[in-house]
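Chemist:
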Amino acid sequence: MFANMLNNKSRKLTNRLFKKLKTLGSLWFAIGLSLTLIIACGTIKIDSFETASKAIQNDFLPKIRIEQALVSDAAAARYSTDSIKEPLPKIEEFPLYGAQPTNDPKQVYIEIYSSAEKANAQKQDERWIVDVAEAFNVKNVTTSSGQIIRVGIRNTPSGLGERLIASKTFKPAAFSPSSDLWIEILKSDGITPTAIASVLQPNGTGFALRGDTYQELAKGGEVNFERLLDAITTGKISIGYPNPYSSSTALNLLYTILWRAAGHDRDKQPLTVQDLKVPQVSSVFDAFQKQVIVTSVTTLELKDIFVRDQQKMQAFPLDGVAFNTLKKLPGFEQVAYVPFGLPHNAPLVGFEWNTPEQQEALKKFAEFATSEPMQKLAFATPEILAHLKRKDLPVTPSGEVLKTALTFWKQRKDGGRTVYMMLVIDTSGSMTGARMQSVKEGLRIATKEINAGNQVGLITFSDRVKNVVNLSPFDGLQHKRLLAAIDALEADGNTALYDGAISGLAPLMERRKADPTGVFRLLLLTDGEVTSGLKFEEVKDLMKFSEVRIYPIAYGEVNQQELKAIAALRESTVQVGTPQNVQNLLKEIFQTNL
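Under the numbering used here, the sequence shown has 407 at position 394, and the numbering climbs by one with no breaks.
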């Protein structure tokens, strides 16, 4: 009987334990199912750098097929970094408006290389000199010998125009950059221009400033450039600006900052080469650079970023004509303008290779352009016109000083921080032929613009990802590795764009953990639609919280809307590349970022 009682109790305990285990099992099953559903539904949020980094390492990289195809040091050693020669762009890449070249002996043709802010016929407020030339051509003005004068306007950025003319390969009849600074650089490059008109279109430059930021500064008194510069260098305002090697606005800004830092706003003397060796000048420039969130290839990129989100970039410089356009956009009526620096006089100069008839034609065109009816066509900015009357404007320096200042900028622009950039290049089948050859040549030339110590790596993607150059400090050997890898690029396969992008983000994010003050960039060049691998919706939060600025290049017929969505995640814009412009585009991206 005792045994039966013991057995009954044992069975009851066993049944009770089994029920508990079943309940626990159901609970764990429910938890597991819930987690599976959560993951499947994507409700585990990627909302920080840490969560994005973990997701890439644990969930994404294991699913991406990455081939390790690293360039060997032996292969790299066969390359020479001294053999890189930069070709000049083809002049046909820059649109010509007005009259076209002619051999008609009854006509005298003059072609003027003009800066874009007045020679862009595609925009009503940026085509002033095109309108003037067309109006002049209609009048059939003649020289003293009876030849009809015909004027053509070549839309050429100021810095590039200077470079083309300095090469002596291109010989336009005249040059009209935005600023006299380019004329000084041209003189230092051995070209002696002949002055035709000191001012064609009065203009200047300044900072477009968020309305609330301006009002905050105004609490301390008049908002001028000195007050704005102090706010920037003390970390109160974040800005962006374009490449001073090509932009008149940026070159003017660079010179004005250095000129003031050297104390010449007090003695009214021009900046000297010796000034650039003074610690105070370097200190002011470094403090300024710490607040620069983006250095763009063009001012248009900054305008797009500013229009898209003023919270990320509170101010950027642009010329007065461009500011007039910005103010007309809905919601930007309250944007303020703070002028600075030297005037942008749009001077007109001729050259010694002109014929006497061409020189006479240029003078007659200048008289027409500066006449009252033509000047009324110009879009004057009240703030600029007031600024030009000031007596304390900077003094124009020599070309040698300006070239030294540009070298100073290139060496110190990173503010003592290391720049890390992964190059992620599309090598799918559609990249074959001239497309690939132009990219290879562009990358090869662009490597000359990388500062020693910054870190660069190279990944390619087609239907699979290849890691060809690890992210490493740029030195002689790394330069040769890049050249060898670029030379070996071949087009084949589909387009797994986001597999390549995530594979490029991974090493950058790992480096950021070790160097949180570094600057992190990813250049993403593609010529086609995504045909395999990950999709944008799967990776957009990874990109958003990566702390890496992505520079998409739409090379050919690409879904630009998707690339624009990528750019918008990290204060960037889409660059449009073609086999004709990609060499200069890549050079400027490397120049401003590396």
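Using N, Cα and C, we set each Cβ at its ideal position, and we do this for glycine too.
Around the Cβ of Asp288, are there at least 16 other Cβ atoms within 10 angstroms (buried) or fewer (exposed)?
Modeler: By the 10 Å Cβ count, Asp288 comes out buried.
Chemist: Can you give me the C-alpha to C-alpha distance between Gly580 and Ile602, rounded to a whole angstrom?
Modeler: The sequence shown places Ala at residue 580, rather than the Gly named in the question. The straight-line gap from Cα to Cα measures roughly 15 Å.
Chemist: Determine, using beta carbons only, whether Ile252 and Phe329 come nearer to each other than 7 Å.
Modeler: Yes, the pair counts as a contact, with Cβ atoms nearer than the cut-off.
Chemist: Give the C-beta separation of Pro592 and Arg448 to the nearest angstrom, bearing in mind that I take them to be a contact with Cβ-Cβ under 8 Å.
Modeler: Going by Cβ atoms, the distance from Pro592 to Arg448 rounds to 6 Å, so yes, they are a contact pair.
Chemist: Can you check which of these residues, Ser295, Lys376, Gln491, is closest to Ala672 by C-alpha distance?
Modeler: In the structure displayed, the chain extends from 14 to 607; residue 672 sits before or after that span and is not available.
Chemist: Three-state secondary structure (DSSP) at Phe392?
Modeler: If DSSP states are grouped into helix, strand and coil, Phe392 belongs with coil.
Chemist: How many whole angstroms separate the CB atoms of Thr308 and Asn606, which I take to be in contact at a CB cut-off of 8 Å?
Modeler: 7 Å between Cβ atoms; contact.
Chemist: Quick test of your reading: Ala208 and Arg494, contact by CB under 8 Å. State the CB separation rounded to the nearest angstrom.
Modeler: Not a contact, Cβ separation roughly 49 Å.
Chemist: Less than 7 Å between the beta carbons of Leu222 and Val305, yes or no?
Modeler: No, Cβ-Cβ distance for Leu222 and Val305 is not below 7 Å.
Chemist: Are the CB atoms of Gln468 and Tyr511 within a distance shorter than 7 Å?
Modeler: No, they are not a contact pair.
Chemist: Check the C-beta distance from Ile161 over to Gln120 and give it rounded, since I have them as a contact under 8 Å.
Modeler: Contact holds; Cβ gap of about 5 Å.
Chemist: May I ask you to report which of helix, strand or coil DSSP gives Tyr511?
Modeler: Correct three-state label for Tyr511: helix.
Chemist: Counting C-beta neighbours from all protein chains within 10 Å, is the total for Trp141 16 or more, i.e. buried, or is it exposed?
Modeler: Its Cβ being crowded by 16 or more others within 10 Å, Trp141 is buried.
Chemist: With 16 as the cutoff for other CB atoms within 10 Å, does Asp193 come out buried or exposed?
Modeler: By the neighbour-count rule (16 or more Cβ atoms within 10 Å), Asp193 is buried.
Chemist: DSSP on Ser171, reduced to helix/strand/coil?
Modeler: Ser171 falls in the helix class under three-state DSSP.
Chemist: Asp554 and Thr392 - do their beta-carbons sit closer together than 7 Å?
Modeler: The residue asked about is misnamed: residue 392 is Phe in this sequence, not Thr. In this structure, Asp554 does not lie closer than 7 Å to Phe392 by Cβ.
Chemist: Name the DSSP bridge partner or partners of Gln120?
Modeler: In the DSSP output, where bridge partners are listed per residue, Gln120 has Ile161.
Chemist: Could you give the uninterrupted runs of the beta strand (DSSP E) lying entirely in the stretch 402-461, keeping only those of 3 residues or more?
Modeler: You should have 432-439.
Chemist: What are the start and end residues of the beta strand (DSSP E) that includes Leu109?
Modeler: Start and end: 109-111.
Chemist: How close, in whole Å, do the beta carbons of Leu199 and Glu229 come, if the pair is a contact with beta carbons under 8 Å?
Modeler: About 41 Å; that fails the 8 Å criterion.
Chemist: Could you tell me which residues DSSP pairs with Ala221 in its beta bridges?
Modeler: In DSSP, Ala221 forms a bridge with Phe329, Tyr350.
Chemist: Who does Ser485 pair with in a DSSP beta bridge?
Modeler: Note: Ser485 sits in a beta bridge opposite Val469.
Chemist: How is the beta strand (DSSP E) around Gln588 delimited, first residue to last?
Modeler: Run containing Gln588: 588-590, per the beta strand (DSSP E) assignment.
Chemist: Using the Cα positions of Glu373 and Arg163, report the straight-line distance between them to the nearest angstrom.
Modeler: About 12 Å.
Chemist: Alpha helix (DSSP H) containing Ile198: first to last residue?
Modeler: 193-201 is the extent of the alpha helix (DSSP H) around Ile198.
Chemist: Have a look at Asn483 and Asp86 and give me their C-alpha separation to the nearest angstrom.
Modeler: Taking the straight line from one Cα to the other gives about 12 Å.
Chemist: Can you give me the start and stop residues for the alpha helix (DSSP H) that Phe603 sits inside?
Modeler: Taken as a continuous stretch (DSSP letters only), the alpha helix (DSSP H) holding Phe603 covers 595-606.
Chemist: Using a Cβ-Cβ cut-off of 6 Å (strictly less than) and excluding sequence neighbours within five positions of His400, which residues of its own chain qualify?
Modeler: Once the five neighbours on either side are set aside, the close Cβ partners of His400 are Gly217, Pro352.
Chemist: State yes or no: is the C-beta of Glu80 within less than 7 Å of the C-beta of Arg477?
Modeler: Yes, they are a contact pair.
Chemist: Starting from Gln135, follow its DSSP beta bridges and name the residues at the other end.
Modeler: Paired residues: none, contrary to the question.
Chemist: Apart from the five residues just before and just after Lys35, which ones in its own chain have a Cβ nearer than 8 Å to its Cβ?
Modeler: Confidence is the limiting factor: at Lys35 the pLDDT is only 41, short of 50, which leaves the residue's position unreliable, though a coordinate-based value still follows. Excluding residues within five positions, none has a Cβ falling inside 8 Å.
Chemist: Looking only at its chain, what residues have a beta carbon closer than 6 Å to the beta carbon of Val532, apart from the 5 residues adjacent to it on each side?
Modeler: Counting only Cβ-Cβ distances below 6 Å, and skipping sequence neighbours, we find Arg430, Val432.
Chemist: Quick check: the stretch 326-345 against the stretch 252-264, are there 3 or more CB pairs under 8 Å?
Modeler: Taking 8 Å as the limit for Cβ pairs, the verdict is that the stretch 252-264 does touch the stretch 326-345.
Chemist: What is the DSSP secondary structure of Phe188, counted as helix, strand or coil?
Modeler: Strand at Phe188.
Chemist: Quick one: any contact between the stretch 499-514 and the stretch 436-451, if contact means 3 or more CB pairs under 8 Å?
Modeler: Verdict: yes, contact present.
Chemist: For Glu147 and Gly363, what's the separation of their Cα atoms in angstroms?
Modeler: Rounded to whole angstroms, Glu147 to Gly363 spans 20 Å at the Cα level.
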